[in-house]
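Structure record follows, encoded as structure tokens.
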Amino acid sequence: MEEEGEEEEEAFDSEEEEKRTTENKLATKGRFSCTLCTKSFERPSNLKRHMLIHTGKKPFGCKFCELRFAQKGDLNRHIRSHTGDKPYKCEFCDKAFAQNSQLDSHRRIHTGDRPHVCEFCDKAFAQNSQLDSHRRIHTGDRPHVWKFCGLRFAQKGTLITHTVLTPFSAQNVAEHLLI
Numbered sequence: 001m002e003e004e005g006e007e008e009e010e011a012f013d014s015e016e017e018e019k020r021t022t023e024n025k026l027a028t029k030g031r032f033s034c035t036l037c038t039k040s041f042e043r044p045s046n047l048k049r050h051m052l053i054h055t056g057k058k059p060f061g062c063k064f065c066e067l068r069f070a071q072k073g074d075l076n077r078h079i080r081s082h083t084g085d086k087p088y089k090c091e092f093c094d095k096a097f098a099q100n101s102q103l104d105s106h107r108r109i110h111t112g113d114r115p116h117v118c119e120f121c122d123k124a125f126a127q128n129s130q131l132d133s134h135r136r137i138h139t140g141d142r143p144h145v146w147k148f149c150g151l152r153f154a155q156k157g158t159l160i161t162h163t164v165l166t167p168f169s170a171q172n173v174a175e176h177l178l179i
């Protein structure tokens, strides 16, 4: 396994490909564009790092398990799952988080920010997952299925309540299916 500080492997098959890719600048903004997708970057080093996505190379290996990553930042985030390190502290309370995105999400409890808005009714939510769950009211999507009877539920909590309130027995399942 490679240590987290080891150098990146070469993302390009040839020097010519690297030169062609890094020299492919957007004329108006002087940015470096990927020849394989629509992404562009201000620095050639960022483009080179991005190219690892297309090559499938994962030069960064975890020292705690066998997982490998194309991006060093993804490895560092993963390592915190092993170490329990939570460097992102909430300035409003004592909570700490392993990922900055988790802190950003938590912070909305304190600020009241609700950036995720339902396109059907304009109701706003702090978390995207809350919006996804709410949206099912409008779409009728019921992705949570009880394996014993096939009943479908829009919310996972409703499925859990159903399974708790409906004791499992052959008789109950038979009666349940007749409903």
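Okay, so the sequence shown: first residue is 1 according to full-length UniProt numbering, each after it adds one. Cβ coordinates follow ideal geometry from the N, Cα and C atoms, glycine included.
#1: Rounded to a whole number of angstroms, what is the C-alpha to C-alpha distance between residue 235 and phenylalanine 32?
#2: Could you compute how far the alpha carbon of glutamine 71 sits from the alpha carbon of glutamine 99?
#3: Pick from His110, His50, Lys57: whose alpha carbon is nearest that of alanine 126?
#4: Once the 5 residues before and after alanine 11 are set aside, which same chain residues still bring their CB inside 7 angstroms of it?
#5: When DSSP labels each residue in this structure, what does glycine 150 get in the three-state scheme?
#6: Going by the CB atoms, is the gap between lysine 95 and histidine 106 shorter than 9 angstroms?
#7: Look up glycine 61 in the DSSP assignment and give the residues it is bridged to.
From the atom records:
#1: The shown model of the chain, from 1 to 179, leaves out residue 235, and the question about it has no answer.
#2: Position 71 of the sequence shown, counted from the first residue, corresponds to residue 71. Position 99 of the sequence shown, counted from the first residue, corresponds to residue 99. CA-to-CA, the gap between glutamine 71 and glutamine 99 works out to about 15 angstroms.
#3: For the purposes of this step, residue 126 is taken as residue 126 along the sequence shown, with counting starting at 1. That would be His110, whose Cα lies nearest to the Cα of alanine 126.
#4: Residue 11 sits at position 11 when you count from the first residue of the sequence shown. Caution applies to alanine 11, whose pLDDT of 46 falls short of 50 and renders its modelled position unreliable; the value that the coordinates give is listed next. Closer than 7 angstroms at the Cβ level, and outside the excluded window around alanine 11, lie Lys48, Met51, Leu52, Thr55, Lys57.
#5: Along the sequence shown, read from residue 1 onward, the residue named residue 150 stands at position 150. Glycine 150: coil per DSSP, three-state reduction.
#6: Taking the first residue of the sequence shown as position 1, residue 106 is located at position 106. Taking the first residue of the sequence shown as position 1, residue 95 is located at position 95. Between histidine 106 and lysine 95, the gap from beta carbon to beta carbon is short of 9 angstroms.
#7: For the purposes of this step, residue 61 is taken as residue 61 along the sequence shown, with counting starting at 1. In DSSP, glycine 61 forms a bridge with Arg68.
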